[in-house]
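Step one of this worksheet: look at the structure below.
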Amino acid sequence: NAGVTQTPKFQVLKTGQSMTLQCAQDMNHEYMSWYRQDPGMGLRLIHYSVGAGITDQGEVPNGYNVSRSTTEDFPLRLLSAAPSQTSVYFCASSYSPGPWDSGNTIYFGEGSWLTVV
Amino acid sequence: TQLLEQSPQFLSIQEGENLTVYCNSSSVFSSLQWYRQEPGEGPVLLVTVVTGGEVKKLKRLTFQFGDARKDSSLHITAAQPGDTGLYLCAGNAGGTSYGKLTFGQGTILTVHP
Chain W
6 NAGVTQTPKF
16 QVLKTGQSMT
26 LQCAQDMNHE
36 YMSWYRQDPG
46 MGLRLIHYSV
56 GAGITDQGEV
66 PNGYNVSRST
76 TEDFPLRLLS
86 AAPSQTSVYF
96 CASSYSPGPW
106 DSGNTIYFGE
116 GSWLTVV
Chain G
786 TQLLEQSPQF
796 LSIQEGENLT
806 VYCNSSSVFS
816 SLQWYRQEPG
826 EGPVLLVTVV
836 TGGEVKKLKR
846 LTFQFGDARK
856 DSSLHITAAQ
866 PGDTGLYLCA
876 GNAGGTSYGK
886 LTFGQGTILT
896 VHP
């Protein structure tokens, strides 16, 4: 998991609370993304960014906001947490948003475990 | 939306056995990747295949991309306890899916000593 740092590692929220998951990379990657991982469902793309100031929605964007003010950082905001957002969240980055091949590897952070009660 | 169906979902075998994990879709992918994930960590890339019919080997692991670029397989020869983990396939369809990686549900492999 070279160079992708996620914080916090663990978080418990009450329904309706807001919070921000932080993601930073030090590899000067243009592409950054957020995934959530739920049992039996693999990883699902929430939002992604192809460069500073540019973001787009993935497969499951509802309930989440993102911004990309710098190349290094890509925070994920939960405005009003719901129990359905209990999950493990992964941030990932790569040099470019595709094609992903041996010259353009995606690196994942170690994950953030979020529980909403 | 491109879907990747991965099978089996669970695999429990003895050390020394061979196994194959499958990743299938009705969509064409411009590239397909296989990841391995350990508990408490993020996925780590094992291989990327980009050409239909391509076969890549990584020690005891053999990866194949289908001729039509709709399916892939991961074959492990003489599995070892250290191979235990979650294996994920992921694909990008290119075009309007630029920037989007679709994952299969994953295969949890347990290799018993």
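Chain order of the listed sequences is W and G.
Going left to right, the first sequence walks through residues 6 to 122 as our numbering numbers them.
Going left to right, the second sequence walks through residues 786 to 898 as our numbering numbers them.
Think of the CB as a built atom: it goes at the ideal place given N, C-alpha and C, for glycine as much as any other residue.
- Task: Quick one: residues in its chain with C-beta nearer than 6 Å to the C-beta of LEU48 of chain W, no 5 flanking neighbours on either side, listed in chain order?
- Result: TYR40 and GLN42
- Rounded straight-line distance, which links the Cα of SER101 of chain W to that of PRO828 of chain G: Whole-angstrom Cα-Cα distance: 18 Å.
- From the DSSP output, read off the bridge partner residues of TYR872 of chain G. G:ARG821 and G:THR892
- Message: Counting only C-beta atoms, is PRO866 of chain G closer than 8 Å to chain W at any point?
- Response: no
- Item | Rounded separation between GLU839 of chain G and VAL806 of chain G - CA only | 16 Å
- Message: With a threshold of 8 Å between beta carbons, is SER815 of chain G in contact with chain W?
- Response: Flagged as an interface residue toward chain W: SER815 of chain G, by a C-beta distance shorter than 8 Å.
- Query: Quick one: what's got a C-beta closer than 6 Å to LEU26 of chain W's C-beta in the same chain, skipping five residues either side?
  - Reply: LEU81, TYR94 and SER117
- Query: Is the beta carbon of GLN16 of chain W sitting closer than 8 Å to the one on LEU119 of chain W?
  - Reply: Cβ atoms of GLN16 of chain W and LEU119 of chain W: closer than 8 Å.
- Alpha carbon to alpha carbon, how far is THR60 of chain W from GLU826 of chain G? 26 Å
- Three-state secondary structure (DSSP) of GLN90 of chain W: helix
- My understanding is that ALA863 of chain G touches PHE814 of chain G, with C-beta atoms under 8 Å, so please give their C-beta distance in whole angstroms. Taking 8 Å as the upper bound for CB-CB distance, ALA863 of chain G and PHE814 of chain G are not in contact here, some 29 Å apart.
- Message: Is there a Cβ of chain W sitting closer than 8 Å to that of PHE888 of chain G, yes or no?
- Response: Put simply, the CB of PHE888 of chain G is near chain W, with a gap under 8 Å to one of its CB atoms.
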